[in-house]
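Asker:
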Amino acid sequence: MTSTPIRWVVWLLAMAALAVVLALAGRYGFGYAVLVVPPWRVEVSMLTFCLLLIAVIAVSYMLIRFSMAVYALPRQRHALKLARHKERAVADLHASLKALFSGRFDDAEKLARHAMSIETKTTANAQNVDKETENIRNIAAALAAWAAHEGGNLPAALPYLEKITDNNAAKMRDASKAYMLLAENRAVEALPLLQTLAANDVSNIGVLKMKLEAEIKCGCLA
Numbered sequence: 112m113t114s115t116p117i118r119w120v121v122w123l124l125a126m127a128a129l130a131v132v133l134a135l136a137g138r139y140g141f142g143y144a145v146l147v148v149p150p151w152r153v154e155v156s157m158l159t160f161c162l163l164l165i166a167v168i169a170v171s172y173m174l175i176r177f178s179m180a181v182y183a184l185p186r187q188r189h190a191l192k193l194a195r196h197k198e199r200a201v202a203d204l205h206a207s208l209k210a211l212f213s214g215r216f217d218d219a220e221k222l223a224r225h226a227m228s229i230e231t232k233t234t235a236n237a238q239n240v241d242k243e244t245e246n247i248r249n250i251a252a253a254l255a256a257w258a259a260h261e262g263g264n265l266p267a268a269l270p271y272l273e274k275i276t277d278n279n280a281a282k283m284r285d286a287s288k289a290y291m292l293l294a295e296n297r298a299v300e301a302l303p304l305l306q307t308l309a310a311n312d313v314s315n316i317g318v319l320k321m322k323l324e325a326e327i328k329c330g331c332l333a
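In this note's numbering, the protein residues as written are 112 to 333.
1) With a 10 Å radius around its C-beta and 16 neighbouring C-beta atoms as the bar for buried, classify E243 as buried or exposed.
2) Leaving out five residues before and five after C329 in sequence, what residues of the same chain have Cβ atoms less than 7 Å from its Cβ?
3) Inspect the beta-carbon positions of A223 and A251 and report whether they are closer than 8 Å.
4) Suppose you measure from the CA of H189 to the CA of F216; what does that come to, to the nearest Å?
5) Of all the options Y182, L129, L208, which has the alpha carbon lying nearest to the alpha carbon of E337?
6) Who are the near neighbours of A336 in its chain, counting only those whose CB is closer than 7 Å to its CB and skipping five residues on each side?
7) If you drop the 5 nearest sequence neighbours on each side, which residues of the same chain put their C-beta closer than 7 Å to that of L304?
8) On the CB-based measure, 16 or more other CB atoms within 10 Å of its CB, does T219 come out buried or exposed?
9) Taking all protein chains shown into account, do 16 or more other C-beta atoms lie within 10 angstroms of the C-beta of M126, making it buried, or fewer, making it exposed?
10) When DSSP labels each residue in this structure, what does E198 get in the three-state scheme?
11) Report buried or exposed for W119, applying the criterion of at least 16 other Cβ atoms within 10 angstroms of its Cβ.
12) Determine the DSSP secondary structure at V147, reduced to helix, strand or coil.
13) Quick check: K197 and I247, are their CB atoms within less than 8 Å of each other?
14) Can you list, in chain order, the residues of its chain whose CB lies under 6 Å from that of A226, leaving out five sequence neighbours each side?
15) What three-state label does DSSP hand S314 in the structure shown?
16) What does S156 pair with, by DSSP beta-bridge criteria?
If you want it as structure tokens, here you go:
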């Protein structure tokens, strides 16, 4: 797509060329244009006809652009609303992280939950969602889960993780869930998750350590 400065230069050159052509036509042109609409007959010089034609084209172009702008207003307004909503969600994520690391777990959970409410922008097919928005919602759900867990409310933490359905965030979800289950001495439930995670990422030291801990608690290494 041509950038705006270049487009303006092209327009200026085109206008200059048109002015030169019209000046030459006005000085040396002797033709006439005749418009007949019975019972009227209009005869104008070729220069006048060219000027009228250019005026009609210019007005038509402006009307078309104006109509397109008016038609696009609702969509642009909706896009602006989504962008502002996304900015607020990102700000809530930052505030939630700060609250979590400050030990204010209830505030962190509340802020993360608010970020999860970000509106999802869909495409024409209504199935493909904006990936950036989906990532914000997934991270917010994980943050809310960690805040609830650190606040001692595991029953509230796990449902947050279940809201993460994106395959790209599955490792984050399952590793967090396994950690929380281990912390609650539910190694039997955590072990299958850790075995799957370890099989898919053999270099993940954190997962391997949790897997070993779960196996020891389950007596698998006895």
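Positions of the beta carbon are idealized from the N, C-alpha and C atoms, including for glycine.
If you're wondering where the values come from, they're calculated on a predicted model, not measured in any experiment.
Answerer: According to the structure shown:
1) Translated into positions along the sequence shown, residue 243 becomes position 132. Label assigned to E243: exposed.
2) For this step, residue 329 is matched to residue 218 along the sequence shown. Cβ neighbours of C329 beyond the five flanking positions: A298, V299, L302.
3) Taking the first residue of the sequence shown as 1, we reach residue 223 at position 112. Taking the first residue of the sequence shown as 1, we reach residue 251 at position 140. Against a cut-off of 8 Å, the Cβ pair of A251 and A223 comes out as a contact.
4) In the sequence shown, counting from the first residue as 1, residue 189 sits at position 78. In the sequence shown, counting from the first residue as 1, residue 216 sits at position 105. Rounded to the nearest angstrom, the two C-alpha atoms are 34 Å apart.
5) Outside the displayed range of the chain (112 to 333) lies residue 337, so it cannot be described from this structure.
6) In the structure as shown, the chain begins at 112 and stops at 333. Residue 336 is therefore absent and cannot be evaluated.
7) Counting from 1 along the sequence shown, the entry for residue 304 is found at position 193. The answer, listed in chain order, is D285, K288, A289.
8) Against the sequence shown, residue 219 aligns to sequence position 108. As written in the sequence, residue 219 is Ala, which differs from the Thr given in the question. Buried: at least 16 other Cβ atoms inside 10 Å.
9) Here residue 126 refers to the residue found at position 15 of the sequence shown. Exposed, because fewer than 16 other Cβ atoms sit within 10 Å of the Cβ of M126.
10) To locate residue 198, count along the sequence shown from 1; it is residue 87. It is helical.
11) Sequence index remark: in the sequence shown, residue 119 carries index 8 (1-based). Exposed, by the Cβ-count rule.
12) Residue 147 sits at position 36 when you count from the first residue of the sequence shown. Strand.
13) As a working mapping, residue 197 is identified with position 86 in the sequence shown. As a working mapping, residue 247 is identified with position 136 in the sequence shown. Taking 8 Å as the Cβ cut-off, K197 and I247 qualify as a contacting pair.
14) Taking the first residue of the sequence shown as position 1, residue 226 is located at position 115. Same-chain partners within the cutoff: A200, D203, L204, A251.
15) Counted from its first residue, the sequence shown places residue 314 at position 203. In the structure shown, S314 sits in coil (DSSP, three-state: anything other than H, G, I, E or B).
16) In the sequence shown, residue 156 corresponds to position 45, counting from 1. S156 is bridged to Y143.
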